[in-house]
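Visitor:
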Amino acid sequence: MILFKYLKAILLILACKFCFVSSDECVIQTSFEGTIEESRYSSNFEKCWKIIVPPGSFVQLSLESYTSFLDCPNSILKVTVLNRDEPFSFCPEESTGMSIIASDDVIINFVMNDDFHNFDSAFKMRYKIESLCTKKNSFKCSNNMCIPESRVCDGVQHCLDGTDEIGCGNGVFVIQGSNESREIATKWFKNKWSYSSGWQENTHRGIIAWYLATERNDTDVEEKLMVKQLEAETLASLLRNESSPLTVNQVSMFVNALTVSCRDPRNFHGFDLVKILKQQTEVSSLTSHPTSYLALCNAGESLPINATTELSKILNSDSEYPFLLDLKAATVMALSCLRHSSEDISNIPFPQTDFENTIERFKALQKDDGSFGNIYTSAIVTQALLSAAQESSKDWNLNTAVNHIMKHLNSSNVDFLATYLTLPILNGKALSDIRNTNCSGAFKQKYQGISVEGVKNKLGPKMRVQYSLYVGDEKDIIHTIWLRVPENITVYEVMQLAQVADNKYKFQWKKMGEKLYIYDIDNITNDFENGQFWLLYLGQNKESMTHLTESPDKVTLKDGSQIIMWYKRAHI
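Right under this line is the structure:
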């Protein structure tokens, strides 16, 4: 009997491949907006509708309702877009609310098929034809189809090629090839370093780029040597200061390098580099102030009361110097640091209008290839936009900017300065992120694997939790593990314990702002092209499962909690 049911289902599926009505027999929809609906009580029924989409236009279809006594394949709705190989298939109940956007003619096939019984089936679909890109706030796909800008980066692929979701989510990290390019560039950068002399006269820059592009490892012997080389180079430069005076820009770089390597620039072998920098800034030219103010802000130092006035003067300058764009980008980074600093800046007027206008002008300068000029200017401007929290903004193209940078890094023209400026970008950072350097050691203890033993050895009551991995929208693969853990444990700590117990739970993460971004589990990586990502669900049973967007290290568990990391399509 069971075998008979399976054979029947297979025959129905095969039959449905040939049962759709020819497009020549379809009902032609002539209006630019309307409703297509059908309600039947039958055992065998088929009908189709054809929507003609004029050149330079697109149609949006929304399935408002679809109910049926029998499910797929006995009752099925298929939408075929001409010039597209595979049709879209909709099944009763589960497909309600889904939409399609197409720039070619569309055929809608409604089929009911059962050899033994009549049954009820009904659907209702609305459609609307609009001109391409005639509306304000529209987004142009690479095939010239346009969609509302509000649908860009909404977690659903509306452009046929997925360009509306490229560069979304977590910015740089979801851009294809960015991780590989960062690894290649980091290796190239490391090859320029030597055990005897570091990066020579560029050691301060080398340290800055290294720590902005990689994860800190204070136990690594080579990293310790890098910092010692920085200390030697800094001290030698200070001792030579009388015969070969340091410029304000050089002092700025030393302050940044010491700050990012967790060395105190205020008490460096008896030298107060922050004080030296402030004194030199007072008597230096205006063009050096963006970098010096950025370094002072990164070091947590208060700025002069007239600092923002001077920085505004640079933003509003109409000088014809070709390097002015670089200075303005450094100015934006200094202001971004100031705006996000924990210091109370209520007594310093912030030039919000000038700041925002400059950012908009930067975006308008972006070329079709993603650049803003030469590779150095392109890197500085991209850093400025990242520092100003424009990573997810839709009025410039982060994807093409990063791809332009990666293309240069993979060319024979790559040099030290370009790599120094571009490496932080591939890690989603800018020079203004030096201020966020964590030197407490708490971060390492909290997030690295050594904390696992600490979790295991926690005193107090224990509880049991369940941790599962689901792979695929239909749960094609399921792995589950039960763990006995201390009370008040977090999801992140359970994930750590699980990967120690079983390699299939091994995961990779990145700290993005205040959240941990889980992007790979068991070598299955978030895939923006397929629209599949690792999502966190939590509950006490299947009925109470809830999707959470909180950081896994902020979610505390109860006895009997069930954790699911589900690799599936995301809908925002």
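In mature numbering (1 follows the signal peptide of the UniProt record, and there is no 0), the protein residues as written are -23 to -1, 1 to 549.
Glycine is no exception: its CB is placed at the ideal position from the N, C-alpha and C atoms.
1) Assuming V532 and L515 make a contact with CB atoms under 8 Å, what is their CB distance in whole Å?
2) Expressed to the nearest angstrom, what Euclidean distance is found between the alpha-carbon atoms of L189 and N156?
3) Just curious, the alpha helix (DSSP H) that R159 is in, first and last residue?
4) Find the nearest neighbour of K492 within the set Y469, D249 and D504, judged by alpha-carbon distance.
5) Return the chain-ordered list of same chain residues with a C-beta closer than 6 Å to the C-beta of A307, the five sequence neighbours on each side being excluded.
6) Hey, could you find the ends of the beta strand (DSSP E) H266 is sitting in?
7) Could you give the distance in angstroms between the alpha-carbon of L288 and the alpha-carbon of L59?
8) Given this structure, state the Cα-to-Cα distance separating S39 from R103, to the nearest angstrom.
9) If the criterion is Cβ atoms closer than 7 Å, does the pair L342 and F349 meet it?
10) Mark N465 as exposed unless 16 or more other C-beta atoms lie within 10 angstroms of its C-beta, in which case mark it buried.
11) Please name the residue in S528, L273, I541 and I161 whose C-alpha comes closest to that of S521.
12) Is K535 helix, strand or coil by DSSP?
13) Which residues in the same chain as N387 place their Cβ atom closer than 8 Å to its Cβ, once the five residues preceding and following it in sequence are excluded?
14) Could you tell me if N114 is buried or exposed, where buried requires 16 or more neighbouring beta carbons within 10 angstroms of its beta carbon?
15) Would you kindly report the start and end of the unbroken alpha helix (DSSP H) that includes G183?
16) When you compare only the Cα positions, how much space is there between C68 and S313?
17) Mind the definition here: the stretch 166 to 183 touches the stretch 373 to 390 only if three or more C-beta pairs lie below 8 Å; say whether that holds.
18) Taking 7 Å as the limit between beta carbons, can you name the residues of its chain near S440, skipping five residues before and five after?
19) Going by the beta-carbon positions, is the gap between A311 and L271 smaller than 7 Å?
20) Helix, strand or coil: how does DSSP classify M522 here?
21) Do C118 and T140 have their CB atoms nearer than 7 Å?
22) Scan the stretch 234 to 258 and note each continuous alpha helix (DSSP H) run of 4 residues or more that stays entirely inside, going in chain order.
23) Using the three-state DSSP reduction, which class does S214 fall into: helix, strand or coil?
24) When the Cα of S108 is compared with those of Q6, I78 and E506, which residue comes out closest?
25) Can you find at least 3 beta carbon pairs, one from the stretch 219 to 230 and one from the stretch 400 to 413, that sit closer than 8 Å?
26) Any contact of the stretch 497 to 512 with the stretch 408 to 417, i.e. 3+ C-beta pairs under 8 Å?
27) On a Cα-Cα basis, can you pick out the residue from D372, N374 and A395 that is closest to A356?
28) According to the neighbour-count rule (16 or more other Cβ atoms, all chains shown, within 10 Å of its Cβ), is E297 buried or exposed?
29) In the DSSP assignment, find the alpha helix (DSSP H) that holds Y514 and state where it starts and stops.
30) Would R61 and Y397 qualify as a contact pair, given that the criterion is a beta-carbon distance under 7 Å?
31) Round the Cβ separation of L302 and T354 to the nearest angstrom and send it over; I've been treating them as touching at under 8 Å.
32) Helix or strand or just coil, what does DSSP make of N60?
33) Who pairs with N21 in a beta bridge, going by DSSP?
34) Residues in its own chain within less than 8 Å of H524 by CB, not counting five upstream and five downstream?
35) Based on Cα-Cα distance, which residue from S66, G154, M489 and I106 lies nearest to L82?
36) Helix, strand or coil, according to DSSP, for P125 in the structure here?
Guide: According to the structure shown:
1) 7 Å
2) 14 Å
3) S155 to N168
4) Y469
5) P267 and T268
6) Per DSSP, H266 belongs to no beta strand (DSSP E); it is in the alpha helix (DSSP H), H266 to N275.
7) 56 Å
8) 5 Å
9) yes
10) exposed
11) I541
12) coil
13) S158 and I161
14) exposed
15) T180 to A190
16) 50 Å
17) no
18) Contrary to the premise, residue 440 reads as Met rather than Ser in this sequence. Correct list, in chain order: V462, E464 and D536.
19) yes
20) coil
21) yes
22) none
23) helix
24) I78
25) no
26) no
27) A395
28) exposed
29) That residue, Y514, is in no alpha helix (DSSP H); its beta strand (DSSP E) goes Q509 to G516.
30) no
31) 6 Å
32) coil
33) N90
34) L512, L513 and Y514
35) The question names Leu, yet the displayed sequence has Asp at residue 82. Minimum Cα distance to D82 is reached at I106.
36) strand
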